[in-house]
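See structure below.
2 protein chains.
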Amino acid sequence: MEIKEQWINIVHQLQDSICKGLEDADGKATFHEDNWEREEGGGGRTRVIAHGGIFEKGGVNTSVVFGDVTDTMRAQLQINGDTWFACGISCVLHPASPLIPTVHFNYRMFELYDAEGNVSDRWFGGGTDLTPYYLDNDIASHFHQAYKNTCDAFDAGFYPLYKKNCDDYFVNTHRNMERRGIGGIFYDHQRPSEKMDVQTWMKFGQACGETFLPAYLPAIEKYRDTAFTAEQKYWQEIRRGRYVEFNLVHDRGTIFGLRTNGRTESILMSLPPTVRFEYAYAPAEGTEEARLQQVCLHPVDWV
Amino acid sequence: MEIKEQWINIVHQLQDSICKGLEDADGKATFHEDNWEREEGGGGRTRVIAHGGIFEKGGVNTSVVFGDVTDTMRAQLQINGDTWFACGISCVLHPASPLIPTVHFNYRMFELYDAEGNVSDRWFGGGTDLTPYYLDNDIASHFHQAYKNTCDAFDAGFYPLYKKNCDDYFVNTHRNMERRGIGGIFYDHQRPSEKMDVQTWMKFGQACGETFLPAYLPAIEKYRDTAFTAEQKYWQEIRRGRYVEFNLVHDRGTIFGLRTNGRTESILMSLPPTVRFEYAYAPAEGTEEARLQQVCLHPVDWV
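Here it is in structure tokens:
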């Protein structure tokens with residue numbers, strides 16, 4: 034089987050198993066699937082969930098897209114080649130409860146071909162990151178430890194590097210370098226080498242995808258029956274505003290997608306269901322809200 | 034008096050008279066003023082209003098800023114010169130009632146200086162645009178007619194040109210070219226000429242600023258006592274989401290400000306207080322919501 038067929042299978046299997054696990058955790062809502070096609074080549078399966086027992090809004094999307102390398106791509110992605118192929122899975126979940134973190138992941142492969150159709154370049158990227166509204170050190174450590182374990186099975190250098198990448202990427206530079214959340218792992222432009230061949234990179238993406246449910250579900254189980262206050266919901270909606278700011282102002286994938294005729298509804302699936310923007314909002318010193326903000330301003334080693 | 038001193042006076046007078054008029058219209062809340070300074074030179078007066086009788090959130094800001102021309106400015110603004118000066122007033126108002134439109138305006142002057150400190154370039158920009166959630170043809174026509182009258186007193190060619198500029202600028206290109214609202218006027222990079230000298234450009238900005246209250250207040254007076262439903266509020270919050278998308282993804286001023294160490298809280302004053310993002314939301318055919326969306330997709334001549 035061709036490399037890309039193998040990766041497409043991995044991505045679709047992850048989508049199925051993760052959606053199943055999330056529906057079980059939610060206990061009320063199920064995913065609604067929209068299949069879409071892209072005029073320039075390929076398409077995707079967008080699966081969205083809303084108004085659930087846990088998830089106020091979320092999605093688990095896959096796409097298999099390809100086309101000619103355009104001038105926009107040459108300029109913005111700094112790539113050469115004649116045609117391209119990309120396949121990935123992405124997920125964002127916004128729980129209704131401010132006690133349960135928002136979470137995001139994305140795993141993808143990109144291929145470039147020369148005029149004869151031979152693969153001229155290929156790379157992998159991905160990551161998973163957690164955005165709590167209230168800090169629970171045990172949940173934070175469990176989440177990071179799960180990804181460290183998966184990384185360590187491939188290369189002991191991965192977790193420290195990818196954890197730092199993540200802290201450096203999900204940053205609202207316009208808010209004193211405040212991070213979107215408490216991080217996780219993030220890698221991009223990882224090309225097969227002697228040490229990590231293409232099969233191993235695919236297995237790594239698969240392993241990270243399979244780590245998602247065990248890394249995240251404990252946060253749901255711990256807080257699913259805990260009541261929250263209107264003040265806590267208010268704070269969640271303020272923080273969701275920062276999530277919107279990062280995704281629309283800084284996230285490379287979102288901006289590139291919106292400017293290059295990507296499928297808008299699938300790209301903006303990531304935006305939270307309800308959001309507040311308030312002038313110069315700041316939590317009072319010494320509160321749980323301020324404690325959360327501090328670890329977003331100053332990343333912590335969680336393992 | 035120097036040109037820039039004259040313009041600063043105009044801008045501050047507009048801020049005072051407009052804030053006074055808006056407080057009278059609101060009837061409950063008053064503006065809170067934050068004065069701020071900018072490390073690189075200059076500062077501003079940010080005036081915000083919230084939780085009012087009419088205005089859920091809004092602001093009327095002025096700034097007087099200057100500094101050295103940086104490489105970022107050279108690249109992104111395509112300007113030459115040694116030092117620069119900018120002064121302007123900007124306003125965004127988000128009423129609580131979905132029956133009263135959101136409104137935005139901005140009037141500014143920019144100067145560039147050579148190494149000897151002589152003015153080497155100077156231009157004016159500005160505009161006012163209306164973002165209703167429900168369409169009232171009389172309100173739309175009154176708003177556009179008010180700005181057409183002001184434009185016509187200077188040049189009969191201004192309104193048709195600046196109306197089209199506005200329709201072409203406030204566009205969510207990623208949503209099938211849907212406009213943020215029903216437009217108004219927009220102009221930029223207008224340099225003094227024999228026909229319109231610098232004094233006349235300043236008077237034009239002043240006249241547009243003075244047109245704001247009579248153009249907008251009738252919408253408040255007409256609907257201030259009209260009850261609205263939860264469904265209408267929901268639709269307003271969905272449309273506010275499109276406002277956020279435009280401002281953070283497409284608005285040149287916002288993006289440039291956030292990327293060049295502008296004052297974040299003053300820039301993001303424009304974001305609505307509460308917002309909803311829903312996957313693939315579309316109003317039912319034949320509804321008032323769909324009628325509003327149609328005039329955003331297909332701009333109308335209102336006068």
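Residue numbers (my numbering), protein chains in the order written: chain U, 34 to 336; chain X, 34 to 336.
Positions of the beta carbon are idealized from the N, C-alpha and C atoms, including for glycine.
According to the neighbour-count rule (16 or more other Cβ atoms, all chains shown, within 10 Å of its Cβ), is residue i buried or exposed?
i	result
Gln326/U	buried
His127/U	buried
Glu321/X	exposed
Pro193/X	exposed
Thr105/U	exposed
His283/X	buried
Gly319/X	exposed
His65/U	exposed
Lys196/U	buried
Ser303/U	buried
Glu270/U	buried
Asp258/X	exposed
Asn139/U	buried
Arg309/X	buried
Arg155/U	buried
Asn170/X	exposed
Asn205/U	buried
Lys181/X	buried
Thr287/U	buried
Asp200/U	buried
Thr207/X	The sequence shown places His at residue 207/X, not Thr. By the neighbour-count rule (16 or more Cβ atoms within 10 Å), His207/X is buried.
When the Cα of residue i is compared with those of the options, which residue comes out closest?
i	options	result
Ala315/U	Asp334/U, Trp268/U, Thr135/U and Ala129/U	Trp268/U
His331/U	Ala252/U, Glu144/U and Phe203/U	Phe203/U
Ala313/X	Asn68/U, Phe261/U and Cys199/U	Asn68/U
Phe245/X	Lys197/X, Ser123/X and Thr103/X	Ser123/X
Ser130/X	Glu227/X, Leu110/X, Thr233/X and Glu254/X	Glu254/X
Thr262/U	Leu132/U, Ala108/U, Val102/U and Glu66/U	Leu132/U
Ile346/X	Asn170/X, Phe118/X and Gly114/X	Look at the range of chain X in this structure, 34 to 336, and you will see that residue 346/X is not part of it.
Gly249/U	Phe279/U, Glu270/U and His175/U	The question names Gly, yet the displayed sequence has Tyr at residue 249/U. Here the closest residue by C-alpha is His175/U.
Leu110/X	Ala83/X, Asp221/X and Asn139/X	Asp221/X
Gly100/X	Val308/X, Pro306/X, Thr293/X and Thr307/X	Thr293/X
Ala189/U	Ile43/U, Met229/U and Val98/U	Met229/U
Val136/X	Arg309/X, Tyr276/X and Trp335/X	Tyr276/X
Gly295/X	Gln39/X, Ala179/X, Lys61/X and Val98/X	Val98/X
Cys329/U	Asn182/U, Tyr166/U, Thr233/U and Ala58/U	Tyr166/U
Gly60/U	Phe289/U, Glu72/U, Ile87/U and Arg155/U	Ile87/U
Gly121/X	Thr233/X, Asp200/X and Ile43/X	Ile43/X
Gln39/X	Phe310/X, Thr233/X and Glu70/X	Thr233/X
Met235/U	Val333/U, Glu278/U, Asn113/U and Phe143/U	Phe143/U
Leu168/U	Thr183/U, Arg155/U and Arg324/U	Arg324/U
Glu89/X	Thr307/X, Thr206/X and Cys199/X	Thr307/X
Ala252/U	Leu55/U, Gln265/U and Met34/U	Leu55/U
Gly114/X	Val125/X, Val333/X and Asn151/X	Asn151/X
Thr183/X	Pro247/X, Gly290/X and Val333/X	Pro247/X
Val231/U	Phe187/U, His207/U and Arg273/U	Phe187/U
Pro225/X	Gly217/X, Phe237/X, Phe219/X and Ile218/X	Phe237/X
Lys266/U	Asn280/U, Leu291/U, Phe289/U and Pro305/U	Pro305/U
Any heavy atom of the ligand FAD closer than 7 Å to the Cβ of residue i?
i	result
Ser299/X	You won't find the ligand FAD in this model; it holds no ligand whatsoever.
Exercise for review: Give a yes or no on contact between the segment 239 to 250 of chain X and the segment 158 to 178 of chain X, applying the rule of three or more CB pairs nearer than 8 Å.
Suggested key: yes
Exercise for review: Could I get the ranges of all uninterrupted alpha helix (DSSP H) runs contained in the segment 231 to 309 of chain U, with 4 residues as the minimum, in chain order?
Suggested key: 231 to 256, 263 to 278, 285 to 292 and 297 to 300
Review point. Of all the residues that make up the segment 320 to 333 of chain U, which are near chain X by a beta-carbon distance shorter than 8 Å?
Key: none
Check your understanding: For the segment 150 to 212 of chain X, which segments carrying the alpha helix (DSSP H) assignment without a break, of at least 4 residues, lie completely within its bounds, in sequence order?
Key -> 170 to 185 and 191 to 202
Check your understanding: Just by C-beta distance, which residues in the segment 103 to 128 of chain X are closer than 8 Å to chain U?
Key -> none
Review point. Mind listing which residues of the segment 237 to 257 of chain U have their C-beta closer than 9 Å to chain X's C-betas, in chain order?
Key: none
Review point. Should the segment 199 to 214 of chain X be called in touch with the segment 145 to 154 of chain X, which here means at least 3 C-beta pairs below 8 Å?
Key: no
Review point. Touch check for the segment 298 to 305 of chain U and the segment 73 to 86 of chain U: three-plus C-beta pairs under 8 Å?
Key: yes
Check your understanding: Which of the residues in the segment 253 to 284 of chain U, read from start to end, lie with their CB under 8 Å from any CB of chain X?
Key -> Glu270, Gly274, Val277, Glu278, Leu281 and Val282
Practice item. Decide if the segment 40 to 50 of chain X is in contact with the segment 85 to 97 of chain X; the criterion is three or more beta carbon pairs, one per stretch, under 8 Å apart. Key: yes
**Study point:** Short-range partners of chain U found in the segment 87 to 103 of chain X, where Cβ spacing is below 8 Å
**Key:** Lys90 and Gly92
Check your understanding: For the segment 203 to 214 of chain U, which residues have a CB atom closer than 7 Å to at least one CB atom of chain X, in sequence order?
Key -> His207 and Arg208
Practice item. Taking only beta carbons into account, state which residues of the segment 129 to 163 of chain X come closer than 7 Å to chain U, listed in chain order. Key: none
**Study point:** Residues of the segment 55 to 80 of chain X with Cβ closer than 9 Å to any Cβ of chain U, in chain order
**Key:** His65, Asp67 and Thr79
**Study point:** Near-chain X residues of the segment 301 to 313 of chain U - C-beta to any C-beta below 8 Å
**Key:** Leu301, Met302, Leu304, Pro305, Pro306, Thr307, Val308, Arg309, Phe310, Glu311, Tyr312 and Ala313
Check your understanding: Which residues, taken in chain order from the segment 164 to 188 of chain X, show a beta carbon closer than 7 Å to some beta carbon of chain U?
Key -> none
Point to revise | Residues from the segment 285 to 298 of chain X in contact with chain U, defined by Cβ distance under 9 Å | key: Thr287, Ile288, Gly290, Leu291, Arg292, Asn294, Gly295, Thr297 and Glu298
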